[in-house]
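Everything in the sequence shown is counted per full-length UniProt numbering, starting at 1 for the first residue and increasing by one. Down below is the structure, laid out as structure tokens.
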Amino acid sequence: MSTSTTRPEPTTSRPSLARLREIAPYLSRWLATQVECRQVPGAQVAVRLGEELVLSEAYGVADLATGQPLTTEHIFRVASHSKTFTAVAVLQLVEQGRLRLDDTVADVLEDYRETPLAQVTVRELLSHTGGVIRDGVDSDFWQLDRPFPDADALLAVALEHGATYEPQEHFKYSNIGYGVLGAMVEQVTGTGYAEHVTSAVLAPLGLTSTTPELTDAALATAVTGHSRPHGRTRDRVTVDHVGTGALAAATGFASTAEELSRFFGALALGSGELLTDRSLRLMHRPESTFTRRGVQVSYGMGLIGATIGERRTVGHSGGFPGQITRTMVDPATGLVVCVLTNAVDGPAETLATGLVQLVDVLTKDSADWQALPDGVTPDDLDRLTGRYLSLWGEVDVVRGGDRLVMLDPTTPGPLDALEEVRAIDATTLRVEDKDGFGGSGERVPFEIDEEGRVVRLRITGVSSWPEETYLARRGASWTHAPGQAAPVPAS
């Protein structure tokens, strides 16, 4: 674990709002394809730049059993995103002089003075460096086998099992630690945790669909959580809604992608809506840096740090029974992506990462690219864009400014099979020069009909057709087992 105070500066620029709006339809199509290919019950997504909401979409269903379509109004349990809300509330109290980062648990909570956590500081609780046990020795409330701990049970865990390590010995993620922070907020403010964060954090941003706990009123629009596919039939089991008791400060929040992106947008530098930049920098800066599964991870105060390409982001993930969520914000530019899924195997992390990658690829400054050849216009490039299919799979030709890229929308990440292509003329592209197994250096010719529509392209000499054309071709000749109906050709 490292406690370096050096904060790497992002090197990517602020994307153009106009360019983001131009590429939003493709971002939506890529997401829809990912949800379909990964067989996710539902996903709700928001992309924001500063105060501007660029994309807000929902894909799939809110409940597999009923088939109810998912909408952007449905509420998700965003679980450990709660820690970021709690961190903001705590740092507000620090700014007001009502709490100090060096205050210990014993300084604030008399009932905790005889626990192993007595000398753990506020800062260490915020950054998971206090050595606090994660959930206790019996945490089957995560299996919904029993209720989440109340205040008395939280104190009992702290008393009997509170410390796994000495403070600052290791980064150790802890829901119990954030539960203690929630108790400290209540003690300092003299009000309930939910009441305080609602007035101090949610109300200033106008977040009316976001709650520190899933209330009875919110249940009417709450999505249904789903397990992983089980057994030979690969059926998913639905997951009941439960309260989170004294761990609301760690995992209780419920929200929508739109509102969650609004909250995280307020954590960008210069926002000034919830905290000063001084406090925001404290949140953003890594308190711990470590390697997890070969990937470098950092954690600040209530925020996970992740560098995607050259863009440094902070944000948080959330895992609740039946729901997986992820939000990322570039604190320098205010770019926010938020992905909420209603299954325990929901790919929220990879979808959020993919969105950031697509934004960076498709908003790249055209100055880094060649000028269009004489006689070739952006309209010519638009004519070539679209989804093309062959027996080998799918390829999307996508425009970002005066640039085109080819990518496979079904791979886990958009960069997995991405190739830059340059216009040679109005109907021919050339794949960039690079080492690889694909079409490096080769031309990609497009055949255009009399009405100016693409009817075929060739990549490494292999034909691909516009999606509807290909489906009609294969539908007419696709073999099928006796007794089965032949696939219906696309119209």
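Beta carbons are placed, not taken as given, at the ideal position from N, Cα and C, and that holds for glycine.
Where the alpha helix (DSSP H) containing residue i begins and where it ends
{"i": "A87", "result": "82-95"}
{"i": "Q357", "result": "348-362"}
{"i": "Y178", "result": "175-189"}
{"i": "E259", "result": "257-265"}
{"i": "P25", "result": "17-38"}
{"i": "R281", "result": "277-284"}
{"i": "V197", "result": "193-197"}
{"i": "R123", "result": "122-127"}
{"i": "A203", "result": "Premise fails: A203 is in no alpha helix (DSSP H) and is neither H nor E."}
Supposed close pair residue i, residue j - CB separation, criterion 8 Å
{"i": "T129", "j": "D102", "result": "With a Cβ gap of about 13 Å, T129 and D102 do not count as contacting."}
{"i": "A200", "j": "E213", "result": "Between E213 and A200 the Cβ distance is about 16 Å, and since that is not below 8 Å, they are no contact."}
{"i": "V431", "j": "V444", "result": "7 Å"}
{"i": "L275", "j": "V88", "result": "6 Å"}
{"i": "L91", "j": "L404", "result": "Not a contact, Cβ separation roughly 45 Å."}
{"i": "Y173", "j": "R146", "result": "Wrong, their Cβ atoms sit about 22 Å apart, outside the cutoff."}
{"i": "L415", "j": "Q357", "result": "5 Å"}
{"i": "T410", "j": "G438", "result": "Their Cβ separation, rounded to whole angstroms, is 16 Å, which puts T410 and G438 out of contact at 8 Å."}
{"i": "G322", "j": "G243", "result": "Not a contact, Cβ separation roughly 15 Å."}
{"i": "V223", "j": "G42", "result": "6 Å"}
Proximity of residue i and residue j at Cβ, strictly below 8 Å
{"i": "T86", "j": "Y178", "result": "yes"}
{"i": "V314", "j": "L335", "result": "no"}
{"i": "V180", "j": "V105", "result": "yes"}
{"i": "H284", "j": "P331", "result": "yes"}
{"i": "G318", "j": "S80", "result": "yes"}
{"i": "A163", "j": "G131", "result": "yes"}
{"i": "H241", "j": "L260", "result": "no"}
{"i": "S440", "j": "A248", "result": "no"}
{"i": "A153", "j": "A246", "result": "yes"}
{"i": "L384", "j": "F290", "result": "no"}
{"i": "L418", "j": "V337", "result": "no"}
{"i": "T84", "j": "G302", "result": "yes"}
{"i": "T363", "j": "G400", "result": "yes"}
{"i": "I424", "j": "P373", "result": "yes"}
For residue i: DSSP bridge partner residues
{"i": "T325", "result": "G318, L340"}
{"i": "D63", "result": "Q68"}
{"i": "D396", "result": "R387, L407"}
{"i": "D152", "result": "Note: D152 sits in no beta bridge, so no partner."}
{"i": "T289", "result": "S298"}
{"i": "H74", "result": "For H74, which the question treats as bridged, DSSP gives no partner whatsoever."}
N- and C-terminal bounds of the beta strand (DSSP E) containing residue i
{"i": "R383", "result": "Here R383 belongs to no beta strand (DSSP E); instead the alpha helix (DSSP H) covers 378-384."}
{"i": "Q44", "result": "42-49"}
{"i": "T427", "result": "T427 -> no beta strand (DSSP E), and no H or E assigned at all."}
{"i": "P466", "result": "462-466"}
{"i": "S437", "result": "With the sequence shown as reference, residue 437 is identified as Phe, and Ser is not the correct amino acid for it. Premise fails: F437 is in no beta strand (DSSP E) and is neither H nor E."}
Minimum Cβ-Cβ distance from residue i to chain D less than 8 Å
{"i": "T307", "result": "No chain D is present in this structure, which holds just one protein chain."}
Is there contact between the segment 184-195 and the segment 157-171, where contact requires at least three CB pairs shorter than 8 Å?
no
Could you say if the segment 22-38 and the segment 340-352 meet the contact criterion of at least three C-beta pairs nearer than 8 Å?
yes
Any chance the segment 291-298 sits against the segment 378-396, with 3 or more Cβ pairs inside 8 Å?
no
Are three or more beta carbon pairs between the segment 14-31 and the segment 49-63 nearer than 8 Å?
yes
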